[in-house]
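Letter by letter, the sequence shown follows residues 2 to 138 in the numbering used here.
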Amino acid sequence: ILGLGDYLQELTGRHGPVDRRTVDEAFAIMTACELPLQKRLIEYLAGKSGVRLIGPARTDASRVGTVSFVHETLSSADITAKVDGTGIAIRYGHMYAYDLCRALGLDPEDGVVRVSLVHYNTPEEIERLIEVFEAIL
């Protein structure tokens, strides 16, 4: 927890005790960095034939930076294996949401492709991921 306080102070440029204002400001900074990345990736995936987004397609501050999807003909495991070969780390699976996968008509063992975007990712990294997806999807 002490390291987290230092990190939040680094993000905000604030010093002294980490209070609610520091936390709120840090999370606002993180959100502002993540939203354009989410928007770019979600718009790309939403426009891809055969891709089904899992979760909200909106890109606003109420959405976390995790984007999940499935493909109608490619398995989540195969997509992830092909992406991993490029040096980009994404994952697949049920993410411990077995019942949700079943309710969505998905095989829990294959689950979804999951891309986790965070505030230190760059637009260039998202463009690179999209280029990789373009060759796979």
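In this text, a Cβ means the ideal position worked out from N, Cα and C, and glycines have one as well. Just so we're clear, the structure is a prediction, and the values are computed from it rather than from any experiment.
Taking residue i as the reference, give the member of the options with the closest Cα.
i, options, result
"residue 34", "124, 133, 120", "120"
"residue 54", "124, 123, 107, 132", "107"
"residue 82", "60, 93, 66", "93"
"residue 18", "26, 39, 7, 61", "7"
"residue 122", "21, 39, 28", "39"
"residue 56", "44, 50, 70", "70"
"residue 135", "52, 32, 5, 4", "52"
"residue 98", "63, 48, 111, 91", "111"
"residue 50", "21, 65, 75", "75"
"residue 131", "100, 44, 21, 64", "44"
"residue 61", "16, 32, 89", "32"
"residue 28", "5, 87, 72", "5"
Terminal residues of the continuous beta strand (DSSP E) containing residue i?
i, result
"residue 129", "Where residue 129 is concerned, there is no enclosing beta strand (DSSP E), although the alpha helix (DSSP H) it sits in stretches over 124-137."
"residue 116", "113-117"
"residue 53", "52-55"
Along the chain, where does the alpha helix (DSSP H) that runs through residue i open and close?
i, result
"residue 36", "21-47"
Find out if the Cβ-Cβ distance for the pair residue i, residue j is shorter than 8 Å.
i, j, result
"residue 30", "residue 12", "yes"
"residue 127", "residue 42", "yes"
"residue 118", "residue 84", "no"
"residue 24", "residue 9", "yes"
"residue 77", "residue 113", "yes"
"residue 91", "residue 116", "yes"
Discussion item. List, from N- to C-terminal side, the alpha helix (DSSP H) runs of 4 residues or more that fit wholly inside the stretch 57-110.
Written reply: 77-85, 99-104
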